[in-house]
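Undergrad: First the structure, which I've put down as structure tokens, then a few questions once you've had a look.
Protein chains: 4
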Amino acid sequence: MVNNQVPSSIKDEALVSKRRNQMIKGAVALFKEKGFHKTTTREIAKASGFSIGTLYEYIRKKEDVLFLVCDSIYQRVKERMEASIDTNETSLQNLVQAIRSYFQLMDGMQDEVLVMYQEVKSLSKDAQDYVLQKERDMVAMLEQVIVNSLSEKIPEADVALIANNIFVQGQMWGFRRWILKRSFTLDTYIERQTHLLLEGLSSQLKETQS
Amino acid sequence: MVNNQVPSSIKDEALVSKRRNQMIKGAVALFKEKGFHKTTTREIAKASGFSIGTLYEYIRKKEDVLFLVCDSIYQRVKERMEASIDTNETSLQNLVQAIRSYFQLMDGMQDEVLVMYQEVKSLSKDAQDYVLQKERDMVAMLEQVIVNSLSEKIPEADVALIANNIFVQGQMWGFRRWILKRSFTLDTYIERQTHLLLEGLSSQLKETQS
Amino acid sequence: MVNNQVPSSIKDEALVSKRRNQMIKGAVALFKEKGFHKTTTREIAKASGFSIGTLYEYIRKKEDVLFLVCDSIYQRVKERMEASIDTNETSLQNLVQAIRSYFQLMDGMQDEVLVMYQEVKSLSKDAQDYVLQKERDMVAMLEQVIVNSLSEKIPEADVALIANNIFVQGQMWGFRRWILKRSFTLDTYIERQTHLLLEGLSSQLKETQS
Amino acid sequence: MVNNQVPSSIKDEALVSKRRNQMIKGAVALFKEKGFHKTTTREIAKASGFSIGTLYEYIRKKEDVLFLVCDSIYQRVKERMEASIDTNETSLQNLVQAIRSYFQLMDGMQDEVLVMYQEVKSLSKDAQDYVLQKERDMVAMLEQVIVNSLSEKIPEADVALIANNIFVQGQMWGFRRWILKRSFTLDTYIERQTHLLLEGLSSQLKETQS
DNA sequence: GATGAATGAGCATTCATTCAT
DNA sequence: TATGAATGAATGCTCATTCAT
Chain L
0 MVNNQVPSSI
10 KDEALVSKRR
20 NQMIKGAVAL
30 FKEKGFHKTT
40 TREIAKASGF
50 SIGTLYEYIR
60 KKEDVLFLVC
70 DSIYQRVKER
80 MEASIDTNET
90 SLQNLVQAIR
100 SYFQLMDGMQ
110 DEVLVMYQEV
120 KSLSKDAQDY
130 VLQKERDMVA
140 MLEQVIVNSL
150 SEKIPEADVA
160 LIANNIFVQG
170 QMWGFRRWIL
180 KRSFTLDTYI
190 ERQTHLLLEG
200 LSSQLKETQS
Chain H
0 MVNNQVPSSI
10 KDEALVSKRR
20 NQMIKGAVAL
30 FKEKGFHKTT
40 TREIAKASGF
50 SIGTLYEYIR
60 KKEDVLFLVC
70 DSIYQRVKER
80 MEASIDTNET
90 SLQNLVQAIR
100 SYFQLMDGMQ
110 DEVLVMYQEV
120 KSLSKDAQDY
130 VLQKERDMVA
140 MLEQVIVNSL
150 SEKIPEADVA
160 LIANNIFVQG
170 QMWGFRRWIL
180 KRSFTLDTYI
190 ERQTHLLLEG
200 LSSQLKETQS
Chain B
0 MVNNQVPSSI
10 KDEALVSKRR
20 NQMIKGAVAL
30 FKEKGFHKTT
40 TREIAKASGF
50 SIGTLYEYIR
60 KKEDVLFLVC
70 DSIYQRVKER
80 MEASIDTNET
90 SLQNLVQAIR
100 SYFQLMDGMQ
110 DEVLVMYQEV
120 KSLSKDAQDY
130 VLQKERDMVA
140 MLEQVIVNSL
150 SEKIPEADVA
160 LIANNIFVQG
170 QMWGFRRWIL
180 KRSFTLDTYI
190 ERQTHLLLEG
200 LSSQLKETQS
Chain U
0 MVNNQVPSSI
10 KDEALVSKRR
20 NQMIKGAVAL
30 FKEKGFHKTT
40 TREIAKASGF
50 SIGTLYEYIR
60 KKEDVLFLVC
70 DSIYQRVKER
80 MEASIDTNET
90 SLQNLVQAIR
100 SYFQLMDGMQ
110 DEVLVMYQEV
120 KSLSKDAQDY
130 VLQKERDMVA
140 MLEQVIVNSL
150 SEKIPEADVA
160 LIANNIFVQG
170 QMWGFRRWIL
180 KRSFTLDTYI
190 ERQTHLLLEG
200 LSSQLKETQS
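Protein chains in written order, with numbering that gives the first Met the number 0: chain L, 0 to 209; chain H, 0 to 209; chain B, 0 to 209; chain U, 0 to 209.
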């Protein structure tokens, strides 16, 4: 699926898609290593496996690469969340499972998420808005799962807050690993965060037959 | 107090201190507005009130400015935390109060924290280590306050986790304001986060006579 | 008629001719608008109605397009001068008529002449010589008409000078329109320039029975 | 006198003036040789005797060099015309003298005028307007001299036309030398053009006691 | 100590031209 | 014949850093 926010002068859409994937893959690795600003377009071209001229057949400006990278990361995270999280199921188990899936996802896409985290602000306002909408969607998914897992209604704001906390704690496993890895593995991290959350919600939670 | 990590060719320490403060003040404003990479040394010099030549009498490289800025921010946050948080007091009230102080601090230094958040990765490994140590110190303060507020011992890892959660939630008020401000004011945000935390800890908390 | 100064890899001469005409038509419009140097080969191909690859089947280098354009303009001007000017007729009326025709021609081909005027110097020396020969031919035509209109012989140099003056005044109507249009329409311009010229020549002119 | 249409980041106005003169001198030579578009900024810097970085301390964009060059040429032509032409004197001799001075000037600044002629269209609309105003001023000077040399009034349009003819004939000596030099030297060219003009005006001219 | 002119390596971007299909 | 994807040399411009005054 070609991202039409970024025009290309190449007509063959399948090719555009293929080349942009090469580009994204190469760019993520570089951005991870040295950040967007310290990465040159030539390096991106080289890491993508084609020439600088070819790079510019598929984008207009360097910032387009960043946009493509951020968008692709958000898209992949969103898709994988949609695949692994059931927003209809109403059991508590479903919330626990959703958190686990999401944290595992964050663990696996750690580098990508870190890149995204540090560089979104380098995008133009428009591009940021476009990309952040996906973040809102993801938080909304978590909110739905939370609501479904509760037996009593709690204030909307609290649901939003919990969803945001979970969301950020997932990312935190990526961008604060330097401090967390002293005390946790991914599994213990998931387990303890879940534990803490459920304790806080205990009185409103649905009964679960495990 | 002159930061000796960054050598200056000027002998007069008082002057170095004064000039660097001008520099930091000007630079924070610029980094906030356009980020470290898009800010030029000329702009920094101008915003600091002196010439480009003079700027380089007080630093060696552009990165030194970033280091000075980050260090100064951490330093100020740390100092203000130390001033408002009592790590000896053992009441639950003290934890509540510490959280409130810290969140208010984050609210007031929102821009600075945002800058720091996005730009630390641009520092050299050494500079990052130096600066992150201050972060570790702050988390440690929170850990101490948490431990003091509990009647029973809980695993060290849990203490670390809670401290990290609080720490990040404070920053989150700054860097995710775009999504949080739909549901919260600073006060309601503090109140609900505190509420959630205490619910989760309720069984281990010290009794409080309010 | 295919211009053999510019080789093509296509064999079918009729096709070459057709494609080059498309090319010239498209290119003139572009050169007029933005000049030769700011026009890209891709734009020329697009304006010509075929692909960049096809463009290069009919020329060797970008400069060939400019040559083709200049040559075509000169050719058209020359042909139309030959069609409307009678170099055998010896009346004064014929000179007056020749000037009128030529000025009207310049008015109609204003854009083309302007393009040619500004861009010939971008041609290689050889191409310039080739193209300027046509200009010499046109001036020679004017010289002939002038000589025919005189009753007495005047120095060759004077004839050349007058022919050049007429020639340039015709072009001047194109490239200095910004200043002339405040005082003249095409008709008054023709009338006054003719008047001035005839005054200067009055004593040598042939009698005319109008 | 520093041209304020083009901002410089250097404060010392005398220096700006000096460097820009170096720049103009170097650039004219290059533009003359290969045209504005085929001249690189590096070449301009080199020909000016300083580095590319320094060049850009005195201008903002490459086009600024062209503007500076065109403006300087017009300015010099205008100044020298003002110095050698008397717009108050009312004798016929004065017109003859003015033409001679102007043609000699064009002869001496041939290269500059050629450059200007071919490249003004590369300037932005604004810059063109600014520069062409100087041309209007010069034509106006010629008009004044013409009017002063006449005993009877002739239509304003005719005065404008004659002034323009003289103006263009002066330039023509530069840009059509390839065809004129077969029949003329500068002196004979001046003499014959003047002769032609005076013949045309004879009945309206002031008596001159030579 | 302060200034700001000079430097040139470095970077993003363009575009004429080629060539496999 | 026609196409258009690929190439990379070339170019305009920026900016951190130095150093003479």
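All C-beta atoms, glycine included, are put in the ideal place defined by N, C-alpha and C.
#1: Would Asp-214(H) and Lys-77(H) be called neighbours here (beta carbons separated by less than 8 Å)?
#2: Are the Cβ atoms of Lys-212(U) and Asp-106(U) separated by less than 8 Å?
#3: If we count Cβ pairs, one from each stretch, closer than 8 Å, do we get three or more for the region 43 to 63 of chain H versus the region 14 to 25 of chain H?
#4: Verify the CB distance criterion: does Arg-41(U) have a CB-CB separation below 8 Å to chain B?
#5: Please decide whether Phe-183(B) counts as near chain U, where near means a Cβ-Cβ distance under 8 Å.
#6: Once you ignore the five residues that flank Lys-133(H) on each side, which residues in its own chain have a CB closer than 6 Å to its CB?
#7: Could you tell me which chain L residues have their CB closer than 8 Å to the CB of Leu-195(H), listed as they occur along the chain?
#8: As a quick exercise: from Ser-8(L), Lys-61(L), Val-167(L), Glu-142(L), pick the residue whose alpha carbon is nearest that of Gln-222(L).
#9: Can you pull the chain U residues whose beta carbon is under 9 Å from the beta carbon of Gln-192(B), in chain order?
#10: Buried or exposed for Ser-201(U), going by 16 or more other Cβ atoms inside 10 Å?
#11: Scan the region 9 to 40 of chain L for residues whose Cβ lies nearer than 9 Å to a Cβ of chain H and list them as they occur along the chain.
#12: Quick one: Cα of Ala-162(B) to Cα of Glu-142(B), how far?
#13: Please tell me whether Met-80(H) has its Cβ less than 8 Å away from any Cβ of chain L.
#14: Taking Cβ to Cβ, would you say Phe-174(H) is nearer than 8 Å to Tyr-116(H)?
#15: Grab me the residues of Val-158(U)'s own chain with a C-beta within less than 8 Å of its C-beta, minus the 5 sequence neighbours each way, in chain order.
#16: Using a Cβ-Cβ cutoff of 9 Å, what residues of the region 136 to 156 of chain H are near chain L? List them in chain order.
#17: To which residues of the same chain is Glu-81(U) closer than 8 Å at the C-beta, ignoring the five residues directly before and after it?
#18: Where Ser-148(U) and Gly-199(B) are concerned, what is the direct C-alpha to C-alpha distance, given to the nearest angstrom?
#19: Exposed or buried, which one is Ser-7(U) when buried takes at least 16 other CB atoms within 10 Å?
#20: State yes or no: is the beta carbon of Lys-61(L) nearer than 8 Å to at least one beta carbon in chain H?
#21: So for Leu-14(B), helix, strand or coil by DSSP?
#22: For Met-0(H), which residues of its own chain have a beta-carbon under 6 Å away from its beta-carbon, when the five flanking residues on both sides are left out?
#23: Tell me the rounded alpha-carbon separation between Gln-21(U) and Trp-177(U).
#24: Going by the beta-carbon positions, is the gap between Ile-98(U) and Ile-9(U) smaller than 8 Å?
#25: Thinking Glu-42(L) and Leu-29(L) are a contact (beta carbons under 8 Å), I'd like their distance in whole angstroms, please.
#26: In chain U, which residues lie with their C-beta within 9 Å of the C-beta of Lys-120(B)?
#27: Output the distance between the C-alpha atoms of Tyr-188(L) and Gln-203(L), rounded to the nearest integer angstrom.
#28: Quick one: what does DSSP say Ala-122(U) is sitting in, helix, strand or coil?
#29: Opposite Leu-149(H) in the DSSP bridges: which residues?
#30: Could you list which residues in chain H have their beta carbon closer than 7 Å to that of Val-130(L), in chain order?
#31: Straight-line CA distance for Gln-92(U) to Ser-182(B)?
#32: Could you spell out the range, first to last residue, of the alpha helix (DSSP H) harbouring Ile-72(U)?
#33: Give the C-beta separation of Leu-122(U) and Cys-69(U) to the nearest angstrom, bearing in mind that I take them to be a contact with Cβ-Cβ under 8 Å.
#34: Hey, how far is the Cα of Gly-34(H) from the Cα of Val-130(B)?
#35: Quick one: what's got a C-beta closer than 7 Å to Val-138(L)'s C-beta in the same chain, skipping five residues either side?
TA: Put simply:
#1: Limits of chain H in this structure are 0 at one end and 209 at the other, which puts residue 214(H) out of reach.
#2: Here chain U covers residues 0 to 209 and nothing more, so residue 212(U) does not appear.
#3: yes
#4: no
#5: yes
#6: Tyr-73, Lys-77
#7: Asp-157, Leu-160, Ile-161, Asn-164, Gly-199
#8: Chain L is shown from 0 up to 209; residue 222(L) falls before or after that span and cannot be answered.
#9: Leu-160, Asn-164
#10: exposed
#11: Gly-34, Phe-35, His-36, Lys-37
#12: 5 Å
#13: no
#14: yes
#15: Glu-142, Ile-145, Val-146
#16: Val-138, Pro-154, Glu-155, Ala-156
#17: Met-140
#18: 17 Å
#19: buried
#20: no
#21: helix
#22: none
#23: 30 Å
#24: no
#25: 6 Å
#26: Gly-34, Leu-113, Gln-117
#27: 23 Å
#28: Correcting the residue type first, residue 122(U) is Leu in the shown sequence and not Ala. Residue state, collapsed to three classes: coil.
#29: Leu-204(H)
#30: By Cβ distance, chain H contributes nothing, its closest Cβ being about 12 Å from Val-130(L), past 7 Å.
#31: 27 Å
#32: 61 to 83
#33: 7 Å
#34: 57 Å
#35: Ala-162, Asn-163, Phe-166
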